[in-house]
Amino acid sequence: TLQTDPRADPRLVAALAPYGFDREAPAPPVTHNSPLEDIHAFVAEAEKNFNGFFSALYDGLPVIDGIKRRTQIIQGPDCQDIPLHIHGPASSKGPVPCILYIHGGGMAMWSCSSAPFTRFRDELAAAGGGCIGGD
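Mapped onto the working numbering, the consecutive letters of the sequence shown carry residue numbers 1 to 135.
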């Protein structure tokens, strides 16, 4: 577990303990053999719970000023809409270094508009760079 792992920073363990992340999680109630409907329901509930965790971590942080945010829709190879969340420094007069950030949710959980990913793009933009997150 995180609590017994000698590599874990004790401050991290202490910060995650109130949310139960310092101990072994119970096995999920679904497996790869479960009906797809049950898997979808489990993922939806897990996403809801993680969003509550994200809110606890991010809601009290100060807003980062001086950021220009916009969303642009591009067409994917199968003509599907792909929203791009674009953040950059509001003071920029020209091109800035940019990172394409892919959040890795496997198109199953979360979105680029979720708190951790929005904050990440804001922090990069506040440092003078650009960041594009695609959903």
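All C-beta atoms, glycine included, are put in the ideal place defined by N, C-alpha and C.
Going straight from the alpha carbon of ALA126 to that of GLY88, what length do you get? 7 Å
What residue ranges within the segment 78-113 form continuous beta strand (DSSP E) runs of no fewer than 3 residues, ordered along the chain? 81-89, 98-101
THR1 in three-state terms, based on DSSP: coil
Who are ARG70's beta bridge partners in DSSP? ILE86
Under the assumption that CYS98 contacts GLY134 (Cβ atoms under 8 Å), give the Cβ distance between them as a whole number of angstroms. Going by Cβ atoms, the distance from CYS98 to GLY134 rounds to 13 Å, so no, they are not a contact pair.
Rounded to a whole number of angstroms, what is the C-alpha to C-alpha distance between THR1 and GLY94? 48 Å
Could you give the residue range of the alpha helix (DSSP H) that holds ILE64? First-last for ILE64: undefined, no H or E at that position.
Looking at the secondary structure, which residues open and close the alpha helix (DSSP H) in which GLY52 lies? 36-58
Taking a contact to mean a Cβ-Cβ separation below 8 Å, would you say LEU100 touches ILE67 in this structure? no
Work out the CA separation of ARG7 and ALA17 for me, nearest whole Å. 16 Å
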